[in-house]
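> This structure is in structure tokens; I'll ask about it shortly.
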Amino acid sequence: MKVGTTADRIVIEYDIGKDPQQIWAALTAPEAIASWWGAHVSLDAKAGGAFREEWTDETGRKVVTSGTVNRFEPPEFLELSWADEDWPYATQVSMILDPVAETGTLLRLEHRGWSGLPAEKRQRLIEQHAAEWHHHLRDLEAYLER
């Protein structure tokens with residue numbers, strides 16, 4: 015897995031030894047999402063569908079992350095808006111699945127649009143989200159291996 019960040023973007027490239035259809039199903043089916051990401055996450059996997067994650071931050075405060083599916087192109091491209099309830103606007107998350115001969119699929123996750131967030135919080139949020147995406151994608155791969 016390669017994880018890179020800039021002042022406005024997180025890019026993760028992850029080779030997963032499964033075909034794109036298997037990964038797509040794990041990214042979009044409610045029962046699969048509940049298994050690898052958690053029951054606190056819901057995704058209405060269609061263009062215009064809603065995304066919602068309820069979680070607890072390091073201070074114990076309940077936080078809601080929500081968004082809308084902007085692009086839905088099975089089995090290769092999913093894009094959604096992404097914002098915590100205390101952010102001034104939404105960022106964008108895209109997941110692109112590219113088949114790789116003989117090895118499976120390259121999943122490329124991009125989380126962009128951070129430049130509008132307050133400068134004093136931006137780098138910390140980028141680093142936290144990069145670490146969280148890394149963790150979630152490892153959980154996705156473990157789910158696919160079961």
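Count along the sequence shown from 1, add 14, and you get the number used in our numbering.
In this text, a Cβ means the ideal position worked out from N, Cα and C, and glycines have one as well.
Predicted model, so just to flag it, every value in this text is computed and none were measured.
(1) Considering only C-alpha positions, which residue in the set 120, 77, 18 is nearest to residue 36?
(2) Less than 8 Å between the C-beta atoms of residue 61 and residue 83, yes or no?
(3) Could you please give the first and the last residue of the uninterrupted alpha helix (DSSP H) stretch that includes residue 147?
(4) Which same chain residues, not among the five before or five after residue 108, have their C-beta less than 6 Å away from its C-beta?
(5) Is the beta carbon of residue 40 closer than 8 Å to that of residue 46?
(6) Need the endpoints of the beta strand (DSSP E) that residue 68 sits in, please.
Once the coordinates are examined:
(1) Distances from the alpha-carbon of residue 36 to those of 120, 77, 18 put 120 closest.
(2) yes
(3) Per DSSP, residue 147 belongs to the alpha helix (DSSP H) from 133 to 159.
(4) 93, 124
(5) Going by C-beta atoms, residue 46 is nearer than 8 Å to residue 40.
(6) Per DSSP, residue 68 belongs to the beta strand (DSSP E) from 64 to 70.
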